[in-house]
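These notes concern the structure reproduced below.
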Amino acid sequence: MRRTRILILGGGFGGVYTAMALERTLRRDAEVEISLVSRDNYLVFQPMLPEVISGSIGILDTIAPNTDLYTRTVESIDLNNRIVSTSSGFRPRPYQLEYDHLVIALGNITSFSGQPGLEEHALTFKYLGDALVLRNHIIHALEEADIEKDPQLRRALLTFVVAGSGFSGVEAVAELNDFVRTVARSFRNIPIADIRVVLAAGARVLPELPKDLGDFAQRLLARRGVEIRLNTRLAGATASTSSSMARSRS
Numbered sequence: 001m002r003r004t005r006i007l008i009l010g011g012g013f014g015g016v017y018t019a020m021a022l023e024r025t026l027r028r029d030a031e032v033e034i035s036l037v038s039r040d041n042y043l044v045f046q047p048m049l050p051e052v053i054s055g056s057i058g059i060l061d062t063i064a065p066n067t068d069l070y071t072r073t074v075e076s077i078d079l080n081n082r083i084v085s086t087s088s089g090f091r092p093r094p095y096q097l098e099y100d101h102l103v104i105a106l107g108n109i110t111s112f113s114g115q116p117g118l119e120e121h122a123l124t125f126k127y128l129g130d131a132l133v134l135r136n137h138i139i140h141a142l143e144e145a146d147i148e149k150d151p152q153l154r155r156a157l158l159t160f161v162v163a164g165s166g167f168s169g170v171e172a173v174a175e176l177n178d179f180v181r182t183v184a185r186s187f188r189n190i191p192i193a194d195i196r197v198v199l200a201a202g203a204r205v206l207p208e209l210p211k212d213l214g215d216f217a218q219r220l221l222a223r224r225g226v227e228i229r230l231n232t233r234l235a236g237a238t239a240s241t242s243s244s245m246a247r248s249r250s
């Protein structure tokens, strides 16, 4: 008798925890086969990504290995014939997986909502690679600022803007701010007063939490030197500037 095939697409929290739950529930059922398709062979624990920026934790501490998975990118889903086609890998043709039950947990991607220049010039912060790119970008900006003779250009190099005042944005701006100000002390020609870290926020900081906790986080960030702009969102960006606009309070 053919085994029942459950195919899960996506290696994020949704996909991995679905696989774990199914394995626990069906561990005594030998007639069920569970497969997971993910483009990566690890799970990134995203709440710990901000600490990668500052080096507070090691890179390997943010990932958890998975087993028995197909490390592929999903290319198409044939719902009528119950077949998923993935990238070929070393094969000369796409790899096809048949299924009886399909779980789609592919997650999402960063949306720039049509704001001009953000996709080209902003740095996203969702995956492990994003955290490493951001950290390297900060170090490069400090190196350039250290040798820049023009005070205006140096201040521009030392200005960092983070959009979003939810959990991810607040954690990222806190780690970024601490990292920049700590590392800048290693450079001879960088005045700490020239460093500017800006948080473009919504109506308040950490809207997911009670207001008193959000206000406490806002005061703590401000004491550490973060400039917080409430009711502000990024409207666009160029290679050297960002533009913002006030949010409607209605």
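Per our numbering, numbering of the sequence shown is gapless, rising by one per residue and ending at 250. Don't be surprised by glycine CBs; every beta carbon is placed ideally from N, CA and C.
Per DSSP, what are the beta-bridge partners of residue i in this structure?
i             : result
histidine 101 : Ile6
alanine 252   : Because residue 252 is not part of the residues shown, which for the chain are 1 to 250, the question remains open.
threonine 253 : In this structure the chain extends from 1 to 250, so residue 253 is not present and cannot be described.
glutamine 96  : Ser85
leucine 153   : According to DSSP, which records beta bridges pairwise, leucine 153 is partnered with nothing at all.
Starting from residue i and walking both ways along the alpha helix (DSSP H), at which residues does that stretch end?
i             : result
isoleucine 77 : Looking at the DSSP string, isoleucine 77 is not in any alpha helix (DSSP H); the run it does join, the beta strand (DSSP E), is 74–78.
alanine 131   : 128–147
threonine 110 : Unbroken run through threonine 110: none, as it is neither H nor E.
arginine 229  : No alpha helix (DSSP H) holds arginine 229; the beta strand (DSSP E) holding it covers 226–229.
In the structure shown, what three-state DSSP assignment does residue i receive?
i             : result
valine 180    : helix
leucine 220   : helix
proline 65    : Since pLDDT at proline 65 reaches only 46, below the 50 mark, its modelled position is unreliable, and the value read off the structure follows with that caveat. Proline 65: strand per DSSP, three-state reduction.
leucine 209   : coil
threonine 159 : strand
histidine 53  : Reading off the sequence, residue 53 comes out as isoleucine, not histidine. Three-state DSSP puts isoleucine 53 in a helix.
serine 87     : coil
leucine 26    : coil
Since residue i is in the beta strand (DSSP E), which residue starts that stretch and which ends it?
i             : result
isoleucine 34 : 32–38
alanine 122   : Here alanine 122 belongs to no beta strand (DSSP E), and DSSP marks it neither H nor E.
alanine 200   : 196–200
Are the CB atoms of residue j and residue i within a distance shorter than 8 Å?
i             : j            : result
leucine 106   : leucine 123  : no
aspartate 150 : arginine 188 : no
leucine 69    : serine 38    : yes
alanine 237   : glycine 117  : yes
glutamine 115 : leucine 234  : yes
valine 205    : valine 180   : no
glutamate 144 : leucine 132  : no
Answer yes if the stretch 151–168 comes into contact with the stretch 196–214, meaning at least three C-beta pairs across the two stretches below 8 Å, and no otherwise. yes
Any 3 or more C-beta pairs closer than 8 Å across the stretch 214–223 and the stretch 95–108: no
For the stretch 32–49 against the stretch 112–128, are there 3 or more C-beta pairs whose distance is under 8 Å? yes
Is the stretch 14–28 touching the stretch 74–85, taking contact as three or more C-beta pairs under 8 Å? no
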